[in-house]
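Trainee: Counting along the sequence shown from 1, when you hit position 148 you're at 148 in full-length UniProt numbering, and nothing is skipped either side. C-beta: ideal position from N, C-alpha, C; glycine also.
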Amino acid sequence: MKSISYEFALNEMHSNKQVRGAIKHMKYRAGSKTNTGVALTLVNKYIFNKRNGDRPGVLDVLILFTAGQAHDFSIARKHAELMKKRNIRIIAIAAGPDAKNPKAKLVEEMEALATDLLNVYKVDFSELNDIVDKLIDIDCYLVSRKEQQPMWVRKSESNNECPYSPSNHDV
Numbered sequence: 001m002k003s004i005s006y007e008f009a010l011n012e013m014h015s016n017k018q019v020r021g022a023i024k025h026m027k028y029r030a031g032s033k034t035n036t037g038v039a040l041t042l043v044n045k046y047i048f049n050k051r052n053g054d055r056p057g058v059l060d061v062l063i064l065f066t067a068g069q070a071h072d073f074s075i076a077r078k079h080a081e082l083m084k085k086r087n088i089r090i091i092a093i094a095a096g097p098d099a100k101n102p103k104a105k106l107v108e109e110m111e112a113l114a115t116d117l118l119n120v121y122k123v124d125f126s127e128l129n130d131i132v133d134k135l136i137d138i139d140c141y142l143v144s145r146k147e148q149q150p151m152w153v154r155k156s157e158s159n160n161e162c163p164y165s166p167s168n169h170d171v
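(1) Beta carbon of K103: closer than 7 angstroms to some heavy atom of the ligand FAD?
(2) What does the Cβ neighbour count give for Y121, buried or exposed, with the cut at 16 atoms within 10 Å?
(3) Assuming I75 is part of the beta strand (DSSP E), what are its boundary residues?
(4) Counting only the same chain and skipping the five closest in sequence on each side, list residues whose C-beta sits under 6 angstroms from that of A67.
(5) Give the single residue among L10, T34, R20, R77 whose Cα lies nearest to the Cα of L113.
(6) M110 to L40, Cα distance in whole Å?
(7) Going by CA-CA distance only, name the one from I88, D72, Y28 that's closest to G57.
(8) Does the distance from the C-beta atom of V19 to that of M13 stay below 8 angstroms?
(9) Express the C-alpha separation of V107 and F48 in angstroms, rounding to a whole number.
Quick look at the structure:
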């Protein structure tokens, strides 16, 4: 497989604080191509499985983040469809100058790979911190596996309603 690796397995993190720390310390790895298909192949085969900490009965959520058009889109689409059939929720984030152009190829790809259009976010690079903070706390807002309608499943730590609006997909 091309130089794609994952940062941590699902069973290596035991709290939101650990996940936040791991995500905040991830380093950008530059490359010459956007290998979304290779990345989704790795996730489909190695991440969401019992050996790496996947738990039955717990909603699986993949956050797919990219600033570039996939060089291997057919592979990406194949593995996204396989994961959707396994009830893995795919949230797709398009970032960069083309992200807010609804006709951009990048946006079209993210819309095709995401579980549905409710799970597509489009951001400028200047908005990355806002979207990362929003998505780290996504456990207070999940979309039902069977319906397109949002389903509030938990209130925040302070017992207030979830602070994130499911309809605000442009940060």
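Mentor: In short, the structure shows the following:
(1) By its list of ligands, the structure shown contains no ligand whatsoever, and the ligand FAD lies outside what it can speak to.
(2) buried
(3) Segment 73-85 is the alpha helix (DSSP H) holding I75; no beta strand (DSSP E) there.
(4) A95, G96
(5) R77
(6) 13 angstroms
(7) I88
(8) yes
(9) 25 angstroms
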